[in-house]
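Read the structure below first, then the notes.
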Amino acid sequence: MGTSHHLDLYLLRHGLTRWNVENRYLGHTDEPVMEIEELAELKKELEVVEFDEVFSSDLLRCKETIEYLRPDQPYVSDEGLREFHFGDWEGRKYEELKDIPLYRQWIDNWEQYRVPGGESGEEFSDRITGWLSEFLGKTLVAEGPASHKVLIVTHGGVIRLLLSILVEAGSFWSWRISHGEGLHLTLEYREERWTCSSLSVVPSQGNGRS
């Protein structure tokens, strides 16, 4: 069976924030990017790519990033692309939490335990998986060319989860995406499923595997 759909998917992590530098848990807190000009190299590399659709988490650090990278292109700001919700642990460091029993349990099995005031790993996974399923479904029924280029600016945890779904060789912890970097995935729809046929780091000299 021939390929019916081809998707170039760019997954980019937002620029660096103060809490990122301080190694504080940053989920739904709306922190700005510190020095947006540090993304100049990434911006230059993306200037030659014409995206059919652009999506961003609705949090400020992602919107600032996309508006710097693509200042003249409309984009969809989506709450569904937010980072994991760290709840009562937002803004705190590992050293502040390491002796809390629930935190130790969460570190050992984050998928099952809910952060106080936040999400469980299962809830986070359901949210991102649901967003991806809806997005890919719309891609299949969209009118126009069967080949699309899509840019998504979001968060480290979201990108890791998306990669664990889309790339068969990887798991959630297989990936390390630095701030202001990302991955370009080529997805093919064959025999009623999407498969990743190639993957490269953006900007091109980065390193996406841990």
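Using our numbering, read the sequence shown as starting at 1418 and increasing by one per residue. The beta-carbon is built from N, C-alpha and C at its ideal position, and this holds for glycine as well. In this text the structure is predicted, and so the values were computed from the model without any measurement.
Put T1446 into one of helix, strand or coil per three-state DSSP. coil
If I follow the unbroken alpha helix (DSSP H) through S1581, where does it start and stop? 1573 to 1583
Buried/exposed call for G1554, threshold 16 Cβ in 10 Å: The residue is exposed, with fewer than 16 neighbouring Cβ atoms inside 10 Å.
Close-in-space but distant-in-sequence residues of the same chain around R1626 (CB under 6 Å, 5 per side omitted): Because R1626 carries a pLDDT of 40, less than 50, the predicted location of this residue cannot be relied on, and the following value inherits that uncertainty. Answer for R1626: no residue qualifies.
The alpha helix (DSSP H) that contains T1482, what's its start and end? Where T1482 is concerned, the enclosing alpha helix (DSSP H) stretches over 1477 to 1486.
Under 7 Å between the Cβ atoms of L1463 and L1604? no
Quick check on this structure: which residue in L1456, S1542, R1521 has the alpha carbon closest to the alpha carbon of L1498? S1542
Do L1429 and G1547 have their CB atoms nearer than 7 Å? no
Backbone secondary structure at G1623 - three-state DSSP: Confidence is the limiting factor: at G1623 the pLDDT is only 47, short of 50, which leaves the residue's position unreliable and the question unanswerable from this model.
Give the single residue among V1570, E1496, E1608 whose Cα lies nearest to the Cα of L1557. E1608
Contact the stretch 1614 to 1623 vs the stretch 1431 to 1439: 3+ CB pairs below 8 Å: Pairwise C-beta distances place the stretch 1614 to 1623 out of contact with the stretch 1431 to 1439, as fewer than three of them are shorter than 8 Å.
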